[in-house]
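Numbering (full-length UniProt numbering), first residue to last: 1 to 642.
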């Protein structure tokens with residue numbers, strides 16, 4: 001009897017396992033898990049980012065098969081941002097390794113129910129590789145792919161892999177295999193998306209989602225279907241053509257600096273031209289940043305414009321040094337702009353540390369402003385202290401060296417811990433009511449009030465705290481200024497190392513921490529430790545003034561050159577003086593011959609043909625978007641920088 005019972009139990013377990021496996025597999029679909037994941041994404045990014053802007057997307061179809069190709073600068077945060085801001089609320093599938101679906105029945109169910117598609121990368125048969133993808137497309141679903149092949153923090157778009165193009169074009173062969181009447185007409189649309197973050201690793205930063213022009217893959221399917229198989233050169237040419245199209249579309253939706261120094265310079269110039277954190281609308285973030293890249297990239301100037309190339313190179317180097325020292329001092333430029341603005345209003349030099357009187361007054365005002373807010377923020381922060389401390393510890397120990405992973409660690413870990421904290425608090429609140437429905441209703445109302453208060457007040461308070469810290473460091477710098485060796489200079493080893501190491505990598509604190517925290521060991525004792533942040537304030541203010549002046553000199557030189565129209569390569573005029581109609585042929589011929597300036601005898605217009613169309617367009621773009629082209633670095637400091 002025992003054997004029969006054991007056998008029956010084994011059969012029952014096998015049957016239940018098969019049933020669970022059947023439920024966890026099957027055609028692509030979206031279940032409750034997807035809705036929960038989207039809620040997690042919506043909640044997380046709403047707490048982490050101050051502003052989220054969507055540009056474009058009007059031509060994204062509400063129905064029909066879609067392949068979304070997106071840049072991937074911030075790991076899981078990218079999926080949350082795209083999923084929660086897709087036009088028409090369209091749900092989308094993501095690729096996942098087949099092995100993940102076989103790891104555990106619960107994991108397999110979650111992956112399938114949340115809409116993930118298994119991809120077996122070991123097979124060389126594309127029809128098997130993309131089988132689940134084809135099923136989803138045939139059902140009219142949307143699939144989101146990241147053609148860069150991973151998440152990267154780089155100053156430009158990473159190299160594009162051909163996987164998205166292969167999946168799209170192999171779908172036409174899938175239709176042919178299944179006897180579709182016109183397999184070349186797939187109706188699959190490609191939606192390019194570029195994600196740009198103002199500072200993706202910091203809470204309170206912003207993100208803009210740029211949708212590109214939707215296009216069909218059907219213009220590539222005819223050439224692909226003429227190939228016998230995937231190894232045929234015709235197939236590879238079609239795939240390469242589609243891959244190039246995807247790369248070009250994504251490149252137009254992203255920032256593409258030549259190297260890290262140029263990227264750092266672009267960011268600092270943007271924050272000088274728009275000195276307040278919210279002064280630049282996120283809708284214009286990409287246009288403004290690309291315009292600045294045209295200005296500070298010396299390799300984008302014509303070879304004959306040696307003077308302007310040198311000005312651009314000098315501005316780039318000065319701005320890059322400013323970024324390096326901001327990271328070394330752990331002080332963002334917006335806070336530094338507030339300090340400099342306060343000094344300028346009181347007719348004090350903005351390139352030197354003031355006497356202690358003004359920083360003390362400013363710090364007192366900031367302390368008073370924070371003191372009454374502490375009446376309600378103090379208890380809230382104390383309540384959430386375990387979440388904040390654990391999140392900060394995990395971020396510092398696990399992902400501090402990867403900027404693309406920091407936001408993911410902060411948002412997901414913080415949300416998970418907050419949910420657990422609120423569950424415990426709800427139980428405590430409902431306990432006096434014997435865990436009855438009225439008790440849970442009271443608990444929900446209290447926790448909702450706490451959560452909304454924290455959401456509405458945390459970011460403004462965070463900005464005030466940063467200003468308070470900035471003024472406290474300025475006060476410490478002013479008190480320590482008379483002490484010999486307190487203030488760091490351009491010749492200090494820590495300043496040189498900061499500029500050397502940070503300029504060639506992403507703007508993360510981990511880089512400077514490793515460089516400055518401990519330099520060398522002597523008999524087991526650290527011989528050199530990271531200097532106080534306040535010691536950087538003097539050199540930081542000088543570097544900011546130098547960067548502002550270098551940028552202003554470049555802008556002035558370009559404005560001086562904008563007295564005539566500039567002939568671009570497509571035969572139209574651009575720059576400060578727009579004219580209607582094409583450029584006269586003789587002027588275009590002069591431009592092709594390298595003549596610097598031509599006057600049209602008929603119209604009297606002066607055309608400058610020095611190839612500065614992109615730079616002068618950038619000046620116009622910055623002016624149109626509200627950038628402060630007059631930085632007013634001050635005549636009184638001119639001798640210092642001569």
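Note that beta-carbon positions come from the ideal geometry of N, C-alpha and C, so glycine has one too.
* Asked: What residue from 100, 113, 380, 135 has the CA that sits closest to residue 120's CA?
  -> Residue numbering aside, residue 120 sits at position 120 when the chain shown is read from its first letter. Cα-wise, what sits closest to residue 120 is 100.
* Chain-order list of residues whose beta-carbon lies under 7 angstroms from that of residue 181 (same chain, five-residue window excluded) -> Position 181 of the chain shown holds residue 181. Closer than 7 angstroms at Cβ, skipping near neighbours: no residue.
* Pairwise C-alpha distance: residue 385 and residue 378 -> In the chain shown, residue 378 corresponds to position 378, counting from 1. In the chain shown, residue 385 corresponds to position 385, counting from 1. When rounded, the distance between both Cα atoms is 10 angstroms.
* Asked: Would residue 187 be called buried (16 or more neighbouring beta carbons within 10 Å of its own) or exposed?
  -> To locate residue 187, count along the chain shown from 1; it is residue 187. Classification of residue 187: exposed, given that the 10 Å Cβ count is below 16.
* **Separation of residue 295 from residue 559, as counted between CA atoms** => As a working mapping, residue 559 is identified with position 559 in the chain shown. As a working mapping, residue 295 is identified with position 295 in the chain shown. Distance between the alpha carbons of residue 559 and residue 295 is about 12 angstroms.
* Separation of residue 473 from residue 328, as counted between CA atoms -> Stepping through the chain shown from its first residue, residue 328 is reached at position 328. Stepping through the chain shown from its first residue, residue 473 is reached at position 473. The alpha-carbon atoms of residue 328 and residue 473 are separated by roughly 13 angstroms.
* Below 6 angstroms CB to CB, which residues in the same chain sit around residue 200 once its five sequence neighbours on both sides are set aside? => If you number the chain shown from 1, residue 200 lands on position 200. Answer for residue 200: 74, 407, listed in chain order.
* **Residues near residue 403 by beta carbon distance below 6 angstroms, same chain, minus five either side** => If you number the chain shown from 1, residue 403 lands on position 403. Only 153, 201, 506, 508 meet the Cβ criterion.
* Asked: How long is the line joining the alpha carbons of residue 331 and residue 259, rounded to whole angstroms?
  -> As a working note, residue 331 is residue 331 in the chain shown. As a working note, residue 259 is residue 259 in the chain shown. Cα to Cα, residue 331 sits roughly 23 angstroms from residue 259.
* Asked: From 284, 98, 315, 285, pick the residue whose C-alpha is nearest to that of residue 298; which is it?
  -> Position 298 of the chain shown, counted from the start, is the residue given in the question as residue 298. Selected option, being the one with the closest Cα: 315.
* Helix, strand or coil for residue 274, going by three-state DSSP, please let me know. => In the chain shown, residue 274 corresponds to position 274, counting from 1. Three-state DSSP puts residue 274 in coil, outside helix and strand.
* Secondary structure at residue 643, three-state DSSP: helix, strand or coil? -> Here the chain covers residues 1 to 642 and nothing more, so residue 643 does not appear.
* **Three CB pairs or more closer than 8 angstroms across the region 355-365 and the region 474-489** => yes
* Look up residue 144 in the DSSP assignment and give the residues it is bridged to. => Mapped onto the chain shown, residue 144 falls at position 144. Residue 144 is bridged to 68, 94.
* Delimiting residues of the alpha helix (DSSP H) encompassing residue 495 -> Here the question's residue 495 lines up with position 495 in the chain shown. 493-502 is the span of the alpha helix (DSSP H), which, as asked, contains residue 495.
* Less than 7 angstroms between the CB of residue 454 and some heavy atom of the ligand PLP, yes or no? -> With respect to small molecules bound, the structure shown includes none, and the ligand PLP cannot be examined in it.
* Quick one, are the C-beta atoms of residue 80 and residue 41 less than 8 angstroms apart? -> For the purposes of this step, residue 80 is identified with residue 80 of the chain shown, where counting begins at 1. For the purposes of this step, residue 41 is identified with residue 41 of the chain shown, where counting begins at 1. Taking 8 angstroms as the Cβ cut-off, residue 80 and residue 41 qualify as a contacting pair.
* **CB contact below 8 angstroms: residue 550 versus chain B** => The displayed structure is made up of one protein chain only, and chain B is not part of it.
* Rounded to a whole number of angstroms, what is the C-alpha to C-alpha distance between residue 256 and residue 287? -> As a first step, residue 256 is located in the chain shown; it is residue number 256 there, counting from the start. As a first step, residue 287 is located in the chain shown; it is residue number 287 there, counting from the start. The alpha-carbon atoms of residue 256 and residue 287 are separated by roughly 12 angstroms.
* DSSP state of residue 521 mapped onto helix, strand, coil -> Your numbering for residue 521 matches position 521 in the chain shown. Below a pLDDT of 50, predicted positions are generally treated as unreliable, and residue 521, at 40, falls in that range; the measurement from the model is reported next regardless. Here residue 521 sits in strand by DSSP.
* Residue ranges of each alpha helix (DSSP H) run of no fewer than 4 residues wholly in the region 368-427, ordered along the chain? -> 385-398
* Exposed or buried, what is residue 376 when buried is set at 16 or more other beta-carbons lying within 10 Å of its beta-carbon? -> Position 376 of the chain shown holds residue 376. It counts as exposed.
* Excluding five sequence neighbours on each side, which residues of the same chain lie with their C-beta closer than 7 angstroms to the C-beta of residue 313? -> The sequence position of residue 313 within the chain shown is 313, counting from 1. Once the five neighbours on either side are set aside, the close Cβ partners of residue 313 are 298.
* To do: For residue 206, name the three-state secondary structure that DSSP assigns.
  => Position 206 of the chain shown, counted from the first residue, corresponds to residue 206. The answer is strand: DSSP assigns residue 206 an E or B state.
* Could you tell me which residues DSSP pairs with residue 189 in its beta bridges? => The count along the chain shown starts at 1 and reaches residue 189 at position 189. Looking at the DSSP assignment, residue 189 forms a beta bridge with 66, 216.
* Give the single residue among 213, 68, 203, 215 whose Cα lies nearest to the Cα of residue 144. => Mapped onto the chain shown, residue 144 falls at position 144. Out of 213, 68, 203, 215, 68 has the C-alpha closest to the C-alpha of residue 144.
* **Buried or exposed (CB count within 10 angstroms, at least 16 for buried), residue 39** => Taking the first residue of the chain shown as 1, we reach residue 39 at position 39. Flag for residue 39 reads exposed.
* Is it a yes or a no for the region 95-113 touching the region 54-71, going by three-plus beta-carbon pairs under 8 angstroms? -> no
* To do: Give me the Cα-Cα distance between residue 126 and residue 229, rounded to the nearest whole angstrom.
  => Taking the first residue of the chain shown as position 1, residue 126 is located at position 126. Taking the first residue of the chain shown as position 1, residue 229 is located at position 229. Straight-line Cα distance between these residues: approximately 10 angstroms.
* **Assigned exposure category for residue 405 - 16 Cβ within 10 Å defines buried** => As a position in the chain shown, residue 405 is number 405, starting the count at 1. Buried, because 16 or more other Cβ atoms sit within 10 Å of the Cβ of residue 405.
* Under 8 angstroms between the Cβ atoms of residue 117 and residue 133? -> Within the chain shown, residue 117 is the residue found at index 117, counting from 1. Within the chain shown, residue 133 is the residue found at index 133, counting from 1. Contact: yes.
* Start-to-end residues for the alpha helix (DSSP H) that takes in residue 353 -> In the chain shown, the residue the question calls residue 353 occupies position 353. In this chain, residue 353 is not harboured by any alpha helix (DSSP H), its DSSP state being neither H nor E.
* Under 6 angstroms Cβ to Cβ from residue 167, same chain only, skipping five residues before and after it: list those, please. => Residue mapping note: residue 167 aligns to position 167 of the chain shown, counting from 1. Result list for residue 167: 130, 133, in chain order.
* Asked: Any idea what DSSP makes of residue 10, helix, strand or coil?
  -> Taking the chain shown and counting its residues from 1, the one referred to as residue 10 is at position 10. Low local confidence applies: a pLDDT of 42 at residue 10 is under 50, so the model's placement there is unreliable, with the coordinate-based value given in what follows. Helix, per DSSP.
* Asked: Ordered along the chain, which non-local residues of its own chain (more than five positions away) have a Cβ less than 6 angstroms from that of residue 254?
  -> Numbered from its first residue, the chain shown carries residue 254 at position 254. The answer, listed in chain order, is 71, 157, 194.
* To do: Spell out a yes or no on whether the region 268-282 and the region 240-255 are touching, meaning 3 or more CB-CB pairs, one atom from each, closer than 8 angstroms.
  => no
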